[in-house]
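In the numbering used here, the protein residues as written are 55 to 645.
Report on the structure given below.
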Amino acid sequence: MTTILVIEDELPIRELIAEMLILEDFEVLQAGNGREGIEIAQSQCPNLIICDVMMPVLDGYGVLTALQQDTSTASIPFIFLTARGTKQDIRHGMNLGADDYLIKPFTQDELLDAINIRLKKQANSLQQYRSELESKEEQLNYLLYHDPLTQLPNQLSLQDKFQQIVVSAAPTIPSTPDEVTFPLILISLDRLHLINQLLGYEGGNELLCALVKEIKSFLQPQDIITYLNSNEFVILLVAERQTLNLETAHAKTTHFIQSLLQKLSTPLLIRHQEVVLHLLFGIAFYPQNGRTLAQLLQKATIAKESAKSQLSASFQFYRPELTAVTDPLQLESDLRGALAKEQFVVYYQPQINTQSHRIIGAEALIRWIHPQRGLVSPGLFIPLAEETGLIQEIGEWVLEHVCQQIKQWLDLDLSPVRIAVNLSARQFHQPNLAIWLASLLQKWKTDSSYLEVELTESMLVRDVPASIEQLQAIKSLGIRVAMDDFGTGYSSLSYLQQFPFDILKIDQCFIRKIDQNPKNAAIAQAIIMMAHQLNLRVIAEGVETPAELAFLQENGCDDLQGYLFSPPVNAESFTQILQQKQSLFPISPRP
């Protein structure tokens with residue numbers, strides 16, 4: 055039901071207007087003075103406000119000025135009632151933001167006409183706003199899921215398409231290890247850098263587009279080709295998906311690749327220059343070589359590198375013996391003892407405010423210093439920790455260590471900053487997380503405002519209602535919540551609207567060379583705009599060049615993080631930065 059607030063100090067007039075509106079099925083709120091009207095408007099957010107100009111306590115002009123300064127009420131249609139209808143009075147009210155004037159005395163028809171016109175205009179404006187927002191979301195989703203050069207679906211899209219295929223293929227998934235359902239083919243255009251040197255990058259781009267056109271013409275409509283990175287593509291041959299024994303699958307895939315190579319054996323004419331293509335293929339089969347996209351891509355990459363090392367071979371099927379020699383069992387054993395042996399350390403990468411140029415926080419990043427292996431890449435041990443379940447114990451250690459460190463900084467009387475800690479899916483979904491966090495903050499006498507947790511979208515969408523409940527429990531403690539790696543998951547506006555986030559972190563893959571990459575620039579601009587419309591702060595990760603910094607400043611990004619300011623540093627170095635009030639901004643503040 056449409057709600058109308060009537061602010062009028064003369065009770066008979068106010069009740070008469072309310073009666074007229076109630077008879078027209080409006081819900082009516084009443085206020086006898088300006089201050090009461092402001093309180094009701096801010097708490098109830100009516101659909102329209104009718105307000106007398108001349109009132110004690112606070113006049114109508116004061117009411118409108120106050121409501122225009124509040125973002126929650128600024129867009130509410132506002133109609134003045136007045137017995138003084140001079141041009142100067144009307145102009146003054148319109149300049150303040152009034153939508154219409156009614157001169158006392160007025161008829162019921164005049165009142166209803168003014169209301170209906172304003173409500174219709176508001177509805178049209180709202181519809182236009184929603185349409186524009188939906189259009190922006192569609193543009194963003196297209197940019198996120200497609201390569202702007204080749205117009206092919208990108209790696210994010212590949213993940214979605216792969217899941218759809220797997221679900222549809224479930225009834226035909228083989229039960230014996232020597233049977234497969236479909237191949238994943240990784241195609242690499244070898245020596246692209248030489249082509250770029252010969253033809254320039256624009257010529258190289260033309261070559262990539264010509265290659266895509268040739269490959270697409272060779273595929274059946276149901277087959278899927280996606281852009282993986284600068285010189286690599288992925289094909290999922292699913293048009294004739296069926297359970298085959300491995301020997302038959304090898305034969306059919308070999309025939310496909312050889313036929314494609316034959317088609318592409320003719321040099322392509324690019325900028326009056328004939329270019330001979332050198333393609334490498336790595337093939338992995340679902341589900342024999344892996345049941346996830348990541349596993350299949352890893353195996354196909356190993357096979358492709360094997361083909362490259364053999365020089366004479368253009369393609370290779372994955373075999374277990376091709377896997378690089380590693381000792382995952384020993385690494386797991388070492389990981390299990392790393393906590394007890396105090397081999398982990400927390401580093402802190404500063405976060406800088408775009409406007410003040412001051413450090414406003416830092417992201418806590420775990421590092422493993424192995425006595426023999428040295429610094430072990432997080433990309434190696436974090437997936438292993440998640441697979442083995444050790445990630446929960448390690449994650450709790452990081453949170454404990456961070457809270458202890460925050461307490462030390464406070465004891466040193468340093469300006470407090472907010473420390474962001476990444477939560478794993480296993481940590482986030484434990485039922486007593488909020489209780490444990492509360493006890494941790496109490497143990498180290500740490501104010502919750504100094505702690506922030508970062509979550510990826512993929513861990514939240516598994517069970518949206520449960521995730522929302524967990525997030526609200528965390529936020530009730532005063533801990534801020536950030537969505538990490540935005541743009542690499544589902545990245546839907548609907549999810550942003552559902553989850554009670556405070557901060558949105560743009561993934562560094564969209565920041566890299568943002569001043570040179572129109573796609574990344576468009577994505578970043580759209581993300582910043584939508585985040586601000588949802589009252590979220592935006593942090594850009596991976597800022598490495600002054601040009602990237604300038605772009606983010608010009609487009610209103612709130613905070614920044616990256617090697618341009620500082621790499622991750624240990625607690626001692628970060629303490630020195632705080633003590634010296636060191637500026638990490640690479641350029642002088644703007645006047």
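Cβ atoms here follow ideal geometry from the backbone N, Cα and C, with glycine treated the same way.
Would you say Leu-102 and Leu-59 are within 9 Å of each other, going by their C-beta atoms?
-> Less than 9 Å divides the Cβ of Leu-102 from the Cβ of Leu-59.
Cross-strand partners of Cys-105 (DSSP beta bridge) | Answer is Ile-61 and Phe-134, bridged to Cys-105.
With burial defined as no fewer than 16 other Cβ atoms inside 10 Å of the residue's Cβ, what is the status of Tyr-617: buried or exposed?
-> Result: exposed.
Residue range of the unbroken beta strand (DSSP E) whose run includes Lys-461 = Run containing Lys-461: none in the beta strand (DSSP E); it sits in the alpha helix (DSSP H), 445 to 465.
Any contact of the stretch 562 to 582 with the stretch 595 to 606, i.e. 3+ C-beta pairs under 8 Å?
-> Touching, yes, given that three or more Cβ pairs across the two stretches are closer than 8 Å.
To which residues does DSSP link Ile-219 through a beta bridge?
-> Bridge partners of Ile-219: none, in fact.
Pro-207, buried or exposed, once every other Cβ within 10 Å from all chains shown has been counted against 16 | Pro-207 is buried by the Cβ-count criterion.
Any idea what DSSP makes of Ser-545, helix, strand or coil?
-> Because the pLDDT at Ser-545 is just 47, under 50, the model does not fix this residue reliably, and the point stays unresolved.
With a Cβ-Cβ cutoff of 9 Å, do Pro-673 and Leu-419 count as a contact?
-> Residue 673 lies beyond the residue range present for the chain, which begins at 55 and ends at 645; the question has no answer from this structure.
Have a look at Ala-361 and Ser-319 and give me their C-alpha separation to the nearest angstrom.
-> Spanning the alpha carbons of Ala-361 and Ser-319 requires a straight line of approximately 18 Å.
Local conformation of Ser-242 per DSSP, three classes | Three-state result, Ser-242: strand.
Can you tell me the Cβ-Cβ gap for Ile-445 and Arg-390, rounded? I've got them flagged as a contact below 8 Å.
-> No, Ile-445 and Arg-390 are not in contact; Cβ-Cβ is about 12 Å, not under 8 Å.
C-alpha gap between Trp-498 and Leu-453, whole angstroms | A straight-line Cα-Cα distance of about 11 Å links Trp-498 and Leu-453.
Identity of the residues DSSP links to Lys-559 by a beta bridge = Answer by DSSP bridge pairing, in chain order: Ile-593.
Among residues of its own chain, excluding the 5 on either side of His-586, which ones have a beta-carbon nearer than 6 Å to its beta-carbon?
-> Once the five neighbours on either side are set aside, His-586 has no close Cβ partner at all.
Give the DSSP bridge partners of Arg-472, in chain order.
-> DSSP, once it has assigned bridges, lists Gly-415 as partnering Arg-472.
Answer with buried or exposed for Ala-474, where buried requires no fewer than 16 other C-beta atoms within 10 angstroms of its C-beta.
-> Answer is buried; the Cβ neighbour count reaches 16.
Please state if the CB of Asn-285 and the CB of Leu-243 are separated by a distance shorter than 9 Å.
-> Cβ distance < 9 Å, so Leu-243 and Asn-285 count as in contact.
Can you tell me whether DSSP reads Arg-516 as helix, strand or coil?
-> Arg-516 carries a coil assignment under DSSP once its states are collapsed to helix, strand and coil.
Would you call Gln-213 buried or exposed, if buried means 16 or more other Cβ atoms sit within 10 Å of its Cβ?
-> Under the 10 Å beta carbon count, Gln-213 is surrounded by 16 or more other beta carbons and is classified as buried.
Ala-85 bridges to which residues according to DSSP?
-> Listed as beta-bridge partners of Ala-85 by DSSP are Ile-61.
Any idea if Pro-485 is buried or exposed, counting beta-carbon neighbours within 10 angstroms, 16 or more meaning buried?
-> By the neighbour-count criterion, in which a residue is buried when 16 or more other Cβ atoms sit within 10 angstroms of its Cβ, Pro-485 is exposed.
Where does Ala-580 land, buried or exposed, given buried means 16+ other C-beta within 10 angstroms?
-> Burial is judged here by how many other beta carbons sit within 10 angstroms of a residue's own beta carbon; Ala-580 has at least 16 and is buried.
What is the C-beta distance between Phe-435 and Trp-422, in whole angstroms, given that I count them as a contact (C-beta under 8 Å)?
-> Your pair Phe-435 and Trp-422 checks out as a contact, with CB atoms roughly 6 Å apart and the cut at 8 Å.
Just mark Leu-77 as buried or exposed, buried being the case when its beta carbon has 16 or more other beta carbons within 10 Å.
-> When all chains shown are included, Leu-77 counts as exposed.
From this set, Asn-589, Met-584 and Asn-407, which residue's C-alpha is nearest Leu-187's C-alpha?
-> Nearest of Asn-589, Met-584 and Asn-407 to Leu-187, Cα basis: Met-584.
Identify every run of the alpha helix (DSSP H) within the stretch 276 to 336, keeping only runs that are complete inside it and at least 4 residues long; order them along the chain.
-> Counting only runs of 4 or more, we get 300 to 317.
Select from Gln-615, Ala-520 and Gln-551 the residue whose C-alpha is nearest the C-alpha of Asn-589.
-> When the alpha-carbon of Asn-589 is set against those of Gln-615, Ala-520 and Gln-551, the nearest one is in Gln-551.
Leaving aside the five residues before and after Ala-378 along the sequence, list all residues of the same chain whose C-beta is less than 6 Å from its C-beta, in chain order.
-> Model confidence at Ala-378 stands at a pLDDT of 42, short of 50, so the residue's coordinates are unreliable; what they give is reported in the following sentence. Nothing listed; no residue qualifies.
Buried or exposed (CB count within 10 angstroms, at least 16 for buried), Thr-140 = Thr-140 comes out exposed.
For Gly-428, the three-state DSSP class (helix, strand or coil) | Reduced to three states, the DSSP call for Gly-428 is strand.
With a CB to CB cut of under 6 Å and the five nearest residues on each side skipped, what residues in its chain are close to Glu-260?
-> So the list reads Ile-324, once near-sequence residues are dropped.
Cβ neighbours of Ala-120 in the same chain (closer than 6 Å, five flanking residues each side left out) = Cβ-Cβ distances below 6 Å link Ala-120 to Ile-92 in the same chain, with the five nearest sequence neighbours on each side left out; the list follows chain order.
Is the CB-CB distance between Thr-280 and Gln-209 below 9 Å?
-> Pairing Thr-280 with Gln-209 gives a Cβ-Cβ distance under 9 Å.
Alpha carbon to alpha carbon, how far is Arg-245 from Leu-393?
-> Separation of Arg-245 and Leu-393 (C-alpha to C-alpha, rounded to the nearest whole angstrom) is 44 Å.
With DSSP as the reference, label Gln-403 as helix, strand or coil.
-> Reduced to three states, the DSSP call for Gln-403 is strand.
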